[in-house]
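Chemist: Residue numbers (the numbering used here): 26 to 318.
A single structure is presented below for examination.
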Amino acid sequence: MVIRNIAVISPGDMGHSVGRVLAEHGFNIFTCLEGRSERTINLAHAAQFKILNNYKELVEKSDLIMSILPPDHASELAGKIANILESSNGEQIYFADCNAISPFKSISLAEKINNAGGKFIDGGIIGLSPDRGDVPRFYMSGPDAHVMDILDGCGISVQIIGNKVGDASAIKMCYAALTKGTNTLQVALLIAAQKMGVLTYLKDELGSSQGNHYQAMEKNLSSLPANSHRWIGEMQEISMTFEELGVTPLFHQGAEEIYRLLSRTPFAQETPETIDRNRTVWQMIESLGDISE
Numbered sequence: 026m027v028i029r030n031i032a033v034i035s036p037g038d039m040g041h042s043v044g045r046v047l048a049e050h051g052f053n054i055f056t057c058l059e060g061r062s063e064r065t066i067n068l069a070h071a072a073q074f075k076i077l078n079n080y081k082e083l084v085e086k087s088d089l090i091m092s093i094l095p096p097d098h099a100s101e102l103a104g105k106i107a108n109i110l111e112s113s114n115g116e117q118i119y120f121a122d123c124n125a126i127s128p129f130k131s132i133s134l135a136e137k138i139n140n141a142g143g144k145f146i147d148g149g150i151i152g153l154s155p156d157r158g159d160v161p162r163f164y165m166s167g168p169d170a171h172v173m174d175i176l177d178g179c180g181i182s183v184q185i186i187g188n189k190v191g192d193a194s195a196i197k198m199c200y201a202a203l204t205k206g207t208n209t210l211q212v213a214l215l216i217a218a219q220k221m222g223v224l225t226y227l228k229d230e231l232g233s234s235q236g237n238h239y240q241a242m243e244k245n246l247s248s249l250p251a252n253s254h255r256w257i258g259e260m261q262e263i264s265m266t267f268e269e270l271g272v273t274p275l276f277h278q279g280a281e282e283i284y285r286l287l288s289r290t291p292f293a294q295e296t297p298e299t300i301d302r303n304r305t306v307w308q309m310i311e312s313l314g315d316i317s318e
């Protein structure tokens, strides 16, 4: 099958940007906005997605469905698509789960999609969206992962890493465990320093002896609240992955708590479009004292 018609669900921060660059390379990009937020609806229209009325129509018109969602919604979408496939006339369709989910959950979703007549592809996205000037890496695995090669160089980079479902998700889990996990460790220690009244001294010491960490804190941390609600589920997936492997889940259970804390701040009402880029990490930390009680 030649892939030309692609459904992207959902056209959020990453999804709408990926859909836009794929459309620029000649693919027909569809979505269904059933149950989506006003922001997502606006992003889909801005990226000129072709809007379909329901998921049944989407399945009928698509060669490939790319699931790009917060991880706690991944199973729901896969189940919905599987139900439609089971009642369809045998349309052949590829379903690429590109979400930050555990490899064990990915294997479970693959069974659901494949048993319904679809072809499941495991995926994990690393990097920022094309709209932020990045070329995100789509790690893909599974027996049918090769079909994703047609998207390589179309505003995204596709890395096929084998024919085993779960491998791509495993890469994502380990990578995000480092990056998003480190961010929460930094937030936690800065909150502790602020509560003990030594934040100014710690800031000076980090600036002089830990330049790379200091710069990363200043660059990354003040925008975390806007994404915190999505990353709570991601930390849960990492914790479950580690626990299944006999590795302590406690690091990322703690990271989940920090993202829950950040999600309770006024800054969590921001979106990637409305983040106050002038707010410093130090201003954010000072505002967290009462919330973290």
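Backbone N, C-alpha and C define an ideal beta-carbon position, used for all residues, glycine too.
Do Ala125 and Leu83 come within 8 Å of each other at the CB atom, strictly closer than that value?
Modeler: Not a contact, by the Cβ cut-off of 8 Å.
Chemist: Tell me, which residues are paired with Asn53 by DSSP?
Modeler: Asn30, per the DSSP bridge assignment.
Chemist: Using 10 angstroms around the beta-carbon of Leu275, count the other beta-carbons present and answer buried if the total reaches 16, otherwise exposed.
Modeler: It is exposed - the Cβ of Leu275 has fewer than 16 other Cβ atoms within 10 Å.
Chemist: Ala103 and Lys137 look like a contact to me (Cβ under 8 Å); what is the Cβ gap, rounded to whole Å?
Modeler: So it is a contact: roughly 6 Å between Cβ atoms.
Chemist: Can you give me the Cβ contacts of Asn245 inside the same chain, cut-off strictly under 7 Å, excluding the 5 residues immediately before and after it?
Modeler: So the list reads Asn208, once near-sequence residues are dropped.
Chemist: Examine the Cβ distances between the region 213–225 and the region 172–190 and report whether three or more of them are shorter than 8 Å.
Modeler: Not touching, per the Cβ criterion.
Chemist: What residue range is occupied by the uninterrupted beta strand (DSSP E) comprising Met165?
Modeler: Run containing Met165: Arg162 to Ser166, per the beta strand (DSSP E) assignment.
Chemist: If we call anything under 8 Å between Cβ atoms a contact, is Ile106 one with Ile90?
Modeler: Cβ distance < 8 Å, so Ile106 and Ile90 count as in contact.
Chemist: DSSP state of Val183, grouped into three classes?
Modeler: DSSP places Val183 in strand when its eight states are reduced to three.
Chemist: Which same chain residues end up closer than 7 Å to His254 when comparing Cβ atoms and leaving out the 5 residues on each side of it in sequence?
Modeler: So the list reads Ser288 and Ala293, once near-sequence residues are dropped.
Chemist: Is Phe120 helix, strand or coil by DSSP?
Modeler: Strand.
Chemist: Among Ile283, His277, Phe145 and Ile300, which has the Cα closest to the Cα of Met198?
Modeler: The shortest Cα separation from Met198 among Ile283, His277, Phe145 and Ile300 belongs to His277.
Chemist: Going by the beta-carbon positions, is the gap between Pro128 and Ser233 smaller than 8 Å?
Modeler: Going by C-beta atoms, Pro128 is not nearer than 8 Å to Ser233.
Chemist: Can you have a look at Tyr226 and say buried or exposed, based on whether 16 or more other CB atoms are within 10 angstroms of its CB?
Modeler: Classification for Tyr226: exposed.
Chemist: Sort Arg304, Gly187, Asp88 and Ala241 by Cα distance to Lys205 and report the nearest one.
Modeler: Nearest C-alpha to Lys205: Ala241.
Chemist: For Gly60, does the count of other Cβ atoms within 10 angstroms reach 16, so buried, or fall short, so exposed?
Modeler: Exposed, by the Cβ-count rule.
Chemist: Are the beta-carbon atoms of Asp147 and Asp174 separated by less than 8 Å?
Modeler: It is not a contact, given that the beta carbons lie outside the stated cut-off.
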